[in-house]
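Top line first, the protein sequences correspond to chains Y and W. Under the UniProt record's numbering, the residue at position 223 of the first sequence is numbered 223, and the numbers go up by one with no gaps. Under the UniProt record's numbering, the residue at position 80 of the second sequence is numbered 80, and the numbers go up by one with no gaps. We put the beta carbon where it would ideally sit given N, CA and C, even for glycine. Please read all numbers here as calculations on a predicted model, not as lab measurements. Heads up, the thing below is written out as C-alpha cells.
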Amino acid sequence: TGSGGFRKRKHDNFPHGQRREEKENVNPSSALMMSFKSFQLELDTRHDKYERLVKLSRDITIESKRAIFLLHRFTSAPNGEEILNESEVKLDAVRRKIKQVAQELFGEDMYQFHRAISPGLQEYVEAVSFQYFIKTRSLISVEEINKQLIFTAEDREETTNMTSSSHDNQPQTWSLKVTPVDYLLGVADLTGELMRLCISSVGNGDIDTPFELSHFLRQIYDGFTFIGNTGPYEVSKKLYTLKQSLAKVENACYTLKVRGSEIPKHMLADVFSSKTELIDQEESLS
Amino acid sequence: MSVSDMFIALQGVLTADQDIREEIRKVVQVLEQTAREILTLLQGVHQGAGFQDIPKKCQKAREHFSTVRTQMESLKTKFPADQYYRFHEHWRFVLQRLVFLAAFVVYLESEALVTREAVAEILGIEADRERGFHLDIEDYLSGILTLASELARLAVNSVTAGDYSRPLRISTFINELDSGFRLLNLKNDSLRKRYDGLKYDVKKIEEVVYDLSIRGLNKEVTAEAGGEK
Numbered sequence: 001t002g003s004g005g006f007r008k009r010k011h012d013n014f015p016h017g018q019r020r021e022e023k024e025n026v027n028p029s030s031a032l033m034m035s036f037k038s039f040q041l042e043l044d045t046r047h048d049k050y051e052r053l054v055k056l057s058r059d060i061t062i063e064s065k066r067a068i069f070l071l072h073r074f075t076s077a078p079n080g081e082e083i084l085n086e087s088e089v090k091l092d093a094v095r096r097k098i099k100q101v102a103q104e105l106f107g108e109d110m111y112q113f114h115r116a117i118s119p120g121l122q123e124y125v126e127a128v129s130f131q132y133f134i135k136t137r138s139l140i141s142v143e144e145i146n147k148q149l150i151f152t153a154e155d156r157e158e159t160t161n162m163t164s165s166s167h168d169n170q171p172q173t174w175s176l177k178v179t180p181v182d183y184l185l186g187v188a189d190l191t192g193e194l195m196r197l198c199i200s201s202v203g204n205g206d207i208d209t210p211f212e213l214s215h216f217l218r219q220i221y222d223g224f225t226f227i228g229n230t231g232p233y234e235v236s237k238k239l240y241t242l243k244q245s246l247a248k249v250e251n252a253c254y255t256l257k258v259r260g261s262e263i264p265k266h267m268l269a270d271v272f273s274s275k276t277e278l279i280d281q282e283e284s285l286s
Numbered sequence: 001m002s003v004s005d006m007f008i009a010l011q012g013v014l015t016a017d018q019d020i021r022e023e024i025r026k027v028v029q030v031l032e033q034t035a036r037e038i039l040t041l042l043q044g045v046h047q048g049a050g051f052q053d054i055p056k057k058c059q060k061a062r063e064h065f066s067t068v069r070t071q072m073e074s075l076k077t078k079f080p081a082d083q084y085y086r087f088h089e090h091w092r093f094v095l096q097r098l099v100f101l102a103a104f105v106v107y108l109e110s111e112a113l114v115t116r117e118a119v120a121e122i123l124g125i126e127a128d129r130e131r132g133f134h135l136d137i138e139d140y141l142s143g144i145l146t147l148a149s150e151l152a153r154l155a156v157n158s159v160t161a162g163d164y165s166r167p168l169r170i171s172t173f174i175n176e177l178d179s180g181f182r183l184l185n186l187k188n189d190s191l192r193k194r195y196d197g198l199k200y201d202v203k204k205i206e207e208v209v210y211d212l213s214i215r216g217l218n219k220e221v222t223a224e225a226g227g228e229k
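Here it is as C-alpha cells:
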C-alpha cells in the first residue's frame, strides 16, 4: 500500500510540467514520439504564422484609423487636395502591410487564418471607402478594392525585410481578396464615419453635404435591408447601429431645413455643436 | 455601378454561400448517422462477451468505413476544393468522431496508434492539405484524445470481463500517448481543453493497474511494475 499512497499523492499535485518526469519509460525515438515531434513542428509553424498575421492586422487597423482621422479634417481644411494626398500616402503604407499579409497567405487556404486578419481588413475597407466617398461621392465596390490589393515584386527592398523565411521561391505577384462579408462590415462602419462627417460639415457652415450624405446613407441602408438576414450574424448586428447613424443624419437635415432659413449661417455651428456632444455621448454608451 | 446594384450582387453571393452550406449540412448528417452506427457496433466490446469477438466487430466496422468513404466523396463535391477552411466547422465534429472510431478499430486490431496518413486512408481523404480534402491535424489529435477516454473505459471493463493483462497494455500505450501530447505547445483552444482531460484518463488507467498489481492479479507484470516504482 506504500507505493499506492505514493501514486495517489503524485496524482494530487498533477499540474502539467514536472509530472512524472522521472518515470519516463517511453522510448523517445519510437514511431509515436517521432510523429508527435512532427506535429509539434506543424502546430508551432501554424501558430507562429497566425500570430504574425494578428500583428499585421493590428498595424493595419491602427494605420487605417489614422487615415480616417486625417480625412475627417478634410472639410475643415482649406487645402483639401493636400489632405487627400496625405491620406493616399497613408493608405499606401497600409497596402504595403496588406502585401505582407498576402505573402504570408501565399499557398495557404486564406480562410484558415481569416479570423486573424479580418478586423484589419474591415478597417481598411472603412478607410479606403471613406476616402473614395470624399473624392467621388459614391460607394467603392468590392472589386475596386480588390483591384488595389494585387501586388508585384517591383520593390526589392520591401521583400527583403520580410519577417518570414519560408518564401524561397517567391512568385511575382501576390493578391488578397477582401471577402464580401468583410466588405459589408467595413461599409457598415463607414456609415458611422459619414455620420460624423455630416455633423462636422454642418459645423463648418456647409449645408449641402448633409443632404448629400443622407441620400447616400439611405441608399446604403436600403442595400443592407435588402440583404437582411441572408448574411452572417455580424452583418445583421451592424444594421441596428446603421439605422441609428442614418436617423442622426436625417434629423440633422431636418433641423437644417426647418431652421436653416431662420438662423444666420455663422450661427449654425452653435446649433449643431450641442447636437454633436449629444451624439458623442450616445456613442460612448454603445 | 449603383449602390443598389452592388448590394444585389452581394446578396447573390451570400445566397449562393448559404446554398453550399445547406448542401454540406445534408451530407454531414448522413455521415453522422454512419458514425453512430460504427460507434454502436464498437461499443459492444465493453460487454463481457464482446471481448471474444473483437476481430469480428473490427471487421464489420471496416465494412462501414467503406460507406464513410463514399459519403466523403460526396462531401468533397459540395464546395470548391480550395475553400476547405471556409466550411470547416460544418464537418469538424463528425470528422473528429470518425478519427476516433478509426483509431479505435486500429487499436483493437493491432494495439497501436493509427497514423494520420492511415486514418486519412481509412476515411478516403488526404493527409496533406495540398492534395485536396484533408484531415486537419487538430481534428486528428482531438480524435486521438477521444480514443484515450474510450481506452480508460475499456481498461475498467476488461478487468470486469476477467482480462487482466489488457489494462497493463493500455497503460503503456496511454503513457506513450501522454508523453507525445506533452511535446505539443497547444494554444488555449478547444484542443487544449480536450488535452486537459487526458490526465484523468491516465489516472483512471493507473488506478486500474494499481488495483490489479496489489492483488497480484497479474503475476508476471506485478514484478516488473514493482521494480519500476
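Which residue's Cα is closest to the Cα of residue i: the options?
i, options, result
"residue 51 of chain Y", "Y:114, Y:69, Y:37, Y:71", "Y:114"
"residue 135 of chain W", "Y:55, Y:71, Y:177, Y:39", "Y:39"
"residue 152 of chain Y", "Y:26, Y:95, Y:234, Y:41", "Y:95"
"residue 27 of chain Y", "W:179, W:158, W:53", "W:179"
"residue 176 of chain Y", "Y:42, Y:238, Y:125, Y:43", "Y:125"
"residue 147 of chain W", "W:202, W:160, W:162", "W:202"
"residue 107 of chain W", "W:49, W:29, W:143", "W:143"
"residue 46 of chain W", "W:159, W:127, W:9", "W:159"
"residue 230 of chain Y", "W:96, W:19, W:128", "W:19"
"residue 210 of chain Y", "Y:80, Y:179, Y:256", "Y:256"
"residue 35 of chain Y", "W:183, W:97, W:171", "W:183"
"residue 150 of chain Y", "Y:44, Y:103, Y:217, Y:191", "Y:103"
"residue 175 of chain W", "W:145, W:192, W:44, W:89", "W:145"
"residue 88 of chain Y", "Y:64, Y:99, Y:109, Y:219", "Y:64"
"residue 156 of chain W", "W:41, W:88, W:26, W:51", "W:51"
"residue 97 of chain Y", "Y:172, Y:225, Y:148", "Y:148"
"residue 172 of chain Y", "Y:247, Y:232, Y:106, Y:142", "Y:106"
"residue 85 of chain Y", "Y:142, Y:203, Y:121, Y:67", "Y:67"
"residue 217 of chain Y", "Y:207, Y:141, Y:192", "Y:192"
For chain Y, check one thing: does any of its Cβ atoms lie closer than 9 Å to the Cβ of residue i?
i, result
"residue 115 of chain W", "yes"
"residue 158 of chain W", "no"
"residue 107 of chain W", "no"
"residue 216 of chain W", "no"
"residue 72 of chain W", "no"
"residue 143 of chain W", "no"
"residue 48 of chain W", "no"
"residue 63 of chain W", "no"
"residue 133 of chain W", "no"
"residue 56 of chain W", "no"
"residue 179 of chain W", "yes"
"residue 82 of chain W", "yes"
"residue 18 of chain W", "yes"
For residue i, which residues in chain Y fall below 8 Å Cβ to Cβ?
i, result
"residue 77 of chain W", "Residues of chain Y passing the Cβ test: none, with the nearest at roughly 18 Å."
Which residues of chain W have a Cβ atom closer than 7 Å to the Cβ of residue i, listed in chain order?
i, result
"residue 180 of chain Y", "10, 13, 14"
"residue 184 of chain Y", "10"
Applying a beta-carbon distance threshold of less than 9 Å, which residues of chain W neighbour residue i?
i, result
"residue 201 of chain Y", "Chain W residues near residue 201 of chain Y: none, gap ~20 Å exceeds 9 Å."
"residue 223 of chain Y", "3, 4, 6, 7, 8, 10, 11"
Just checking: is the beta-carbon of residue i within a distance shorter than 9 Å of some beta-carbon in chain W?
i, result
"residue 35 of chain Y", "yes"
"residue 26 of chain Y", "yes"
"residue 138 of chain Y", "yes"
"residue 208 of chain Y", "no"
"residue 72 of chain Y", "no"
"residue 32 of chain Y", "yes"
"residue 230 of chain Y", "yes"
"residue 111 of chain Y", "yes"
"residue 205 of chain Y", "no"
"residue 219 of chain Y", "yes"
"residue 189 of chain Y", "no"
For residue i, which beta-bridge partners are listed by DSSP?
i, result
"residue 126 of chain W", "W:134"
"residue 34 of chain W", "For residue 34 of chain W, which the question treats as bridged, DSSP gives no partner whatsoever."
"residue 174 of chain Y", "Y:151"
I want to verify the contact list: residues of chain W whose CB lies under 8 Å from the CB of residue i, in sequence order.
i, result
"residue 141 of chain Y", "1, 6"
"residue 211 of chain Y", "Near residue 211 of chain Y there are no residues of chain W at all, since even the closest Cβ is about 16 Å away, more than 8 Å."
Cβ closer than 9 Å: which chain Y residues qualify as neighbours of residue i?
i, result
"residue 137 of chain W", "39, 42, 43, 46"
"residue 184 of chain W", "36, 39, 40, 43, 44"
Residue i: beta carbon under 8 Å from a heavy atom of the ligand ATP?
i, result
"residue 146 of chain Y", "The model on display carries no ligand, and the ligand ATP is accordingly not part of it."
Anything in chain Y within Cβ reach of residue i, meaning under 7 Å, just list it in chain order.
i, result
"residue 86 of chain W", "111"
"residue 187 of chain W", "47"
Discussion item. Check whether the region 117–130 of chain W and the region 159–173 of chain W touch, using three or more Cβ-Cβ pairs below 8 Å as the test.
Written reply: Taking 8 Å as the limit for Cβ pairs, the verdict is that the region 159–173 of chain W does not touch the region 117–130 of chain W.
Worksheet item: Between the region 172–190 of chain W and the region 41–58 of chain Y, do three or more beta carbon pairs fall short of 8 Å?
Response: Yes, the region 172–190 of chain W is in contact with the region 41–58 of chain Y.
Item to complete: Would you be able to state if there are at least three C-beta pairs under 8 Å between the region 122–136 of chain Y and the region 177–191 of chain Y?
Response: The region 177–191 of chain Y, when compared against the region 122–136 of chain Y, does touch it at the 8 Å Cβ threshold.
Worksheet item: For the 8 Å Cβ check, are there 3 or more pairs between the region 103–120 of chain Y and the region 230–250 of chain Y?
Response: no
Worksheet item: Is the region 20–32 of chain W touching the region 68–75 of chain W in the sense that three or more CB pairs, one from each, lie closer than 8 Å?
Response: yes
Discussion item. When you compare the region 90–106 of chain W with the region 58–68 of chain W, are there three or more beta-carbon pairs, one atom per stretch, that lie closer than 8 Å?
Written reply: yes
Discussion item. Does the region 5–17 of chain W come into contact with the region 243–254 of chain Y, if we say contact requires no fewer than three beta-carbon pairs (one atom in each stretch) closer than 8 Å?
Written reply: no
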